[in-house]
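Count the sequence shown with our numbering and you get residues 13 to 182, in order.
Glycine included, each C-beta is placed from N, C-alpha and C at the ideal position.
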Amino acid sequence: MRGIRDRRADVGGVQYQMREKVFSIGDDFWIETPSGDRAFKVNGKALRLRDTLELESPSGETLLKIQEKKLRVRDTMQIERDDHTVATVKKALVGLRDRFTIEIESGGELKATGNIVDHEYTFERDGRKVAEASKRWFRVRDTYGIEVAPGEDAALILAAAVCIDRMSHD
Numbered sequence: 013m014r015g016i017r018d019r020r021a022d023v024g025g026v027q028y029q030m031r032e033k034v035f036s037i038g039d040d041f042w043i044e045t046p047s048g049d050r051a052f053k054v055n056g057k058a059l060r061l062r063d064t065l066e067l068e069s070p071s072g073e074t075l076l077k078i079q080e081k082k083l084r085v086r087d088t089m090q091i092e093r094d095d096h097t098v099a100t101v102k103k104a105l106v107g108l109r110d111r112f113t114i115e116i117e118s119g120g121e122l123k124a125t126g127n128i129v130d131h132e133y134t135f136e137r138d139g140r141k142v143a144e145a146s147k148r149w150f151r152v153r154d155t156y157g158i159e160v161a162p163g164e165d166a167a168l169i170l171a172a173a174v175c176i177d178r179m180s181h182d
């Protein structure tokens, strides 16, 4: 990845770089490959009552919709594909380290843990690391490196990383 430091994840998968454009209307930003090619666009929908984002292909096809769930005891966001919930991301109520559960509707769950001060998140399924998101790999503000293990749903994990960032920094 351009600008990446030597501290990469060890999941042996596909790497992505996510840079948020801080001043863009509707919070749009691109998720890129290590070579700088655009892999996904996160399209923030302006003028909505609740936080709504869409993960799109480079051609503009909506792959996943991310929505904040209001009026919950704890922070919750849902990820939808074709108007059906595919995952629910929930933030733990207490703890020194951020902990998130990503409940997969088709069964199972991912656990994401991280240190908000260091901006580090590791995704695990049944104790096995399946992805890692890190801000430490970059010098640029609001830039992440995300590595997703082979065979994992990269779009879903990237959408979950967006949810975690939103819930940790709003």
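Sequence-distant Cβ neighbours of aspartate 63 in its own chain, meaning closer than 6 Å and more than five residues away, are Glu80. Taken through DSSP and simplified to helix, strand or coil, aspartate 177 comes out as helix. By the CB criterion at 9 Å, asparagine 55 and glutamate 73 fall outside the cutoff. Taking lysine 103 as reference, the option from Glu92, Ala161, Ala145, Thr125 with the minimal CA-CA separation is Thr125. Threonine 97 counts as exposed, since fewer than 16 other beta carbons sit within 10 angstroms of its beta carbon. Contact between glycine 120 and arginine 137 holds, since their C-beta atoms are separated by about 7 Å, short of 8 Å. Distance from the CA atom of threonine 155 to the CA atom of serine 118, rounded to whole angstroms, is 31 Å.
The distance from the Cβ of glutamine 27 to that of glutamate 159 is about 5 Å, consistent with a contact at the 8 Å cut-off. Under DSSP, glutamate 136 takes part in a beta bridge, and its partners are Lys123, Lys141. Burial check for lysine 53: the Cβ neighbour count within 10 Å reaches 16 or more, so the residue is buried.
Lysine 77 counts as buried, since at least 16 other C-beta atoms from the protein chains shown sit within 10 angstroms of its C-beta.
Counting of Cβ neighbours within 10 angstroms places serine 47 among the exposed residues, the total staying below 16. Taking the C-beta atoms as reference points, isoleucine 116 is found no nearer than 9 Å to leucine 170.
In the three-state reduction of the DSSP assignment, alanine 161 falls in the coil class. The continuous beta strand (DSSP E) containing leucine 65 extends over residues 64 to 68. Under the three-state reduction of DSSP, leucine 75 is assigned to strand. Across the structure, glutamate 68 and lysine 147 are spaced so that their CA atoms are roughly 22 Å apart.
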